[in-house]
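Trainee: One structure coming up, written as structure tokens, with questions to follow.
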Ligand code: AMP
């Protein structure tokens, strides 16, 4: 694996790959890598000639400074894991590389209703920060393929819109969420949970699956309220639990015969967890 710290070095290396019409797969991450991240790398390796992984904990997407301070950093273990996966390139830029000019941090992205619902309404400014870093990273790497996890469902929609609005020709692949045996969605933030909390945290997925099953059986929606109360009794602070269409439009309406998604965000002892499942049409 080749490790780059400077965008100009990475760009001149990738230039040759672009000129030979190589497929360049990109997996942007914030590190503390786990098998979920690795499945994105594996998908890229299957489809592309070169896979670039980036590790950058992007300060401007953290609406909560405590969360940023506590974000796990495990760079040595990450490098070993990426080596084992035969990832070709790792990009670990400094803040200066990503935001050399203050103007980058002052850009505004039109995300329409996407930054007002679900994650958007509970994490003001978060998706603007995601767009800032993705704008920079995508222009540096110029990938042909981009791999994102379904775990961050709303983020996949935001990044698809960003890529379309920037007129970039990138194939976006959304990779299914990798889970622990008990169903808990793998996440870097899970390292902040105790063993017992990890067991309890799997209740989120179990609630999603119960709602999904009921909906597939044609049952109505008071299920959502019941599951919310149940999770609160277990000790979760639920930011939202809701069902909507796959574009996240009209979150209060529940279209019956289209593909839908159930989304949840909840705190367990100050650790914020998100998850989702799709309901096929
Ligand atoms: P992060 O490091 O949390 O910014 O995540 C980097 C990428 O990995 C994002 O596209 C995430 O959606 C994806 N990802 C995170 N957790 C999982 C998971 N459990 N399964 C699949 N992809 C994931």
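Residue numbers (my numbering): 1 to 281.
The beta carbon of each residue, even a glycine, is placed where N, CA and C say it ideally should be.
With DSSP collapsed to three states, give me the class of residue 131.
Mentor: Position 131 of the chain shown, counted from the first residue, corresponds to residue 131. If DSSP states are grouped into helix, strand and coil, residue 131 belongs with the helices.
Trainee: Comparing alpha-carbon positions, which option in 75, 89 and 230 lies nearest residue 9?
Mentor: For the purposes of this step, residue 9 is taken as the residue at position 9 of the chain shown. That would be 89, whose Cα lies nearest to the Cα of residue 9.
Trainee: Are the stretch 119 to 130 and the stretch 80 to 89 touching, with three or more C-beta to C-beta distances below 8 angstroms?
Mentor: The stretch 119 to 130 vs the stretch 80 to 89: no contact.
Trainee: Just mark residue 181 as buried or exposed, buried being the case when its beta carbon has 16 or more other beta carbons within 10 Å.
Mentor: Your numbering for residue 181 matches position 181 in the chain shown. Exposed, by the Cβ-count rule.
Trainee: Kindly examine the ligand AMP and report whether one of its heavy atoms sits closer than 8 angstroms to the Cβ of residue 44.
Mentor: By 1-based counting over the chain shown, the position of residue 44 is 44. False, no ligand heavy atom lies under 8 angstroms from that Cβ.
Trainee: Considering residue 18, what are the terminal residues of the alpha helix (DSSP H) in which it resides?
Mentor: For the purposes of this step, residue 18 is taken as the residue at position 18 of the chain shown. Looking at the DSSP string, the run of the alpha helix (DSSP H) that includes residue 18 is 7 to 19.
Trainee: Once DSSP output is grouped into helix, strand and coil, what is the label at residue 113?
Mentor: Indexing the chain shown from 1 puts residue 113 at position 113. Reduced to three states, the DSSP call for residue 113 is helix.
Trainee: Short of 7 angstroms in beta carbon distance, which residues of its chain neighbour residue 266, apart from the five on each side in sequence? Order them along the chain.
Mentor: As a first step, residue 266 is located in the chain shown; it is residue number 266 there, counting from the start. Hits under 7 angstroms: 204, 231, 236, 237, 238, 239 and 273.
Trainee: Report back the beta-carbon spacing between residue 137 and residue 54 to the nearest angstrom; my notes put them in contact at under 8 angstroms.
Mentor: Counting from one through the chain shown, the residue named residue 137 turns up at place 137. Counting from one through the chain shown, the residue named residue 54 turns up at place 54. Sure, about 6 angstroms apart at Cβ, within 8 angstroms.
Trainee: Keeping to the same chain, check which residues put their C-beta closer than 6 angstroms to that of residue 151; ignore five residues upstream and five downstream.
Mentor: Looking up residue 151 in the chain shown gives position 151. Around residue 151: 177 and 185.
Trainee: Apart from the five residues just before and just after residue 50, which ones in its own chain have a Cβ nearer than 6 angstroms to its Cβ?
Mentor: As a working mapping, residue 50 is identified with position 50 in the chain shown. Within the same chain, residue 50 has close Cβ partners 17, 22, 24 and 88.
Trainee: Quick check on residue 28: does DSSP put it in helix, strand or coil?
Mentor: What you label residue 28 is simply residue 28 of the chain shown in a count that begins at 1. Here residue 28 sits in strand by DSSP.
Trainee: Taking residue 105 as the reference, give the member of 112, 125 and 116 with the closest Cα.
Mentor: In the chain shown, counting from the first residue as 1, residue 105 sits at position 105. For residue 105, the nearest C-alpha among the options comes from 125.
Trainee: Out of curiosity, what's the CA-to-CA distance linking residue 141 and residue 172?
Mentor: Locating residue 141 in the chain shown gives position 141, where the first residue counts as 1. Locating residue 172 in the chain shown gives position 172, where the first residue counts as 1. Computed Cα separation, rounded: 14 angstroms.
Trainee: What is the C-beta distance between residue 60 and residue 132, in whole angstroms, given that I count them as a contact (C-beta under 8 angstroms)?
Mentor: Working through the chain shown from its first residue, we reach residue 60 at position 60. Working through the chain shown from its first residue, we reach residue 132 at position 132. That pair is a contact at about 6 angstroms.
Trainee: In this structure, how does DSSP classify residue 120 when only helix, strand and coil are distinguished?
Mentor: Locating residue 120 in the chain shown gives position 120, counting from the first residue. Three-state result, residue 120: helix.
Trainee: For the candidate residues 128, 224 and 11, whose alpha-carbon lies nearest to that of residue 108?
Mentor: Along the chain shown, read from residue 1 onward, the residue named residue 108 stands at position 108. Here the closest residue by C-alpha is 128.
Trainee: Tell me the residue span of the alpha helix (DSSP H) that contains residue 49.
Mentor: Mapped onto the chain shown, residue 49 falls at position 49. Note, residue 49: premise wrong, no alpha helix (DSSP H); not H, not E.
Trainee: Would you mind stating whether residue 262 and residue 245 have Cβ atoms separated by less than 9 angstroms?
Mentor: If you number the chain shown from 1, residue 262 lands on position 262. If you number the chain shown from 1, residue 245 lands on position 245. No, the Cβ-Cβ distance between residue 262 and residue 245 is not below 9 angstroms.
Trainee: Where in the stretch 63 to 96 do unbroken runs of the alpha helix (DSSP H), each at least 4 residues long, occur, reported from the N-terminal end onward?
Mentor: Unbroken alpha helix (DSSP H) runs of no fewer than 4 residues, entirely contained in the stretch 63 to 96, are found at 65 to 70 and 75 to 84, following chain order.
Trainee: Roughly how far, in whole angstroms, is the beta-carbon of residue 147 from the beta-carbon of residue 27, given that I think they are within contact range, below 8 angstroms?
Mentor: One-based indexing of the chain shown puts residue 147 at position 147. One-based indexing of the chain shown puts residue 27 at position 27. Indeed they touch by this definition, with Cβ atoms about 5 angstroms apart.
Trainee: Confirm, please, whether the CB-CB distance from residue 243 to residue 215 is below 9 angstroms.
Mentor: The residue given as residue 215 occupies position 215 in the chain shown. The residue given as residue 243 occupies position 243 in the chain shown. Yes. Within cutoff.
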